[in-house]
Amino acid sequence: MLIHEGVEQSVQEVSTFVQSYVHELAMLMERSISHQQPLAERWSVPQTPFTKVNFDAGFSRENQESTTRVVIRNHQGLVNGSYTHFKRNISDPCSAEAMSWPYSLLEIWVFAM
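For the sequence shown, the numbering used here begins at 52 and goes up steadily by one.
In structure tokens form, the structure reads like this:
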């Protein structure tokens with residue numbers, strides 16, 4: 052017999068407790084790792100005289116909606132323009148992402164005029 056947490060227990064009971072504890076820790080670590088955000092790249096200014104355009108899309112599966120965001124910055128890092136576009140009836144994240152670049156090109160064209 053062993054004493055665990057002030058209670059006399061069999062080797063099998065302590066072994067079961069330890070195995071359950073290790074399993075719980077493994078599950079928590081797996082959940083923790085799967086929820087970690089990947090490290091974001093640092094934004095850097097473009098070389099003179101270039102302008103940098105960043106765009107991305109957000110997607111809501113529940114509402115089947117997407118949002119495209121565009122930011123245009125000059126070689127000093129100053130925002131020269133920004134744009135947000137909201138779209139309904141988008142079925143999946145890949146479609147949302149694929150549809151974001153035409154809006155980016157449109158914003159670049161408008162900015163250049």
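We put the beta carbon where it would ideally sit given N, CA and C, even for glycine. Predicted model only: the values in this text are computed from it and were never measured.
Assumed close pair SER151, VAL104 - CB separation to whole angstroms, cut-off 8 Å:
With 8 Å as the limit, SER151 and VAL104 do not qualify as a contact, their Cβ atoms being about 11 Å apart.
So if DSSP puts GLU92 in a beta bridge, which residue, or which two residues, is it bridged to?
In DSSP, GLU92 forms no bridge with anything.
Close Cβ partners of GLY109 (< 6 Å) along its chain, the five nearest in sequence each way excluded:
The residues are THR118.
Taking 8 Å as the threshold (C-beta atoms), are GLN127 and VAL96 in contact?
Taking 8 Å as the cut-off, the beta carbon of VAL96 is found closer than this to the beta carbon of GLN127.
Under three-state DSSP, which class holds GLU59?
Three-state result, GLU59: strand.
Pick from ARG120, GLU59 and TYR134: whose alpha carbon is nearest that of ASP107?
Here the closest residue by C-alpha is ARG120.
My assumption, with CB atoms under 8 Å, is that SER133 sits in contact with ILE123. Please give the rounded CB distance.
About 7 Å separates the two Cβ atoms, so the contact holds.
Give me whichever residues DSSP pairs with THR119 in a beta bridge.
Answer by DSSP bridge pairing, in chain order: ALA108 and HIS136.
Out of TRP94, LYS138, THR99 and MET80, which has the shortest C-alpha to C-alpha gap to SER111?
For the residues TRP94, LYS138, THR99 and MET80, the minimum Cα distance to SER111 belongs to LYS138.
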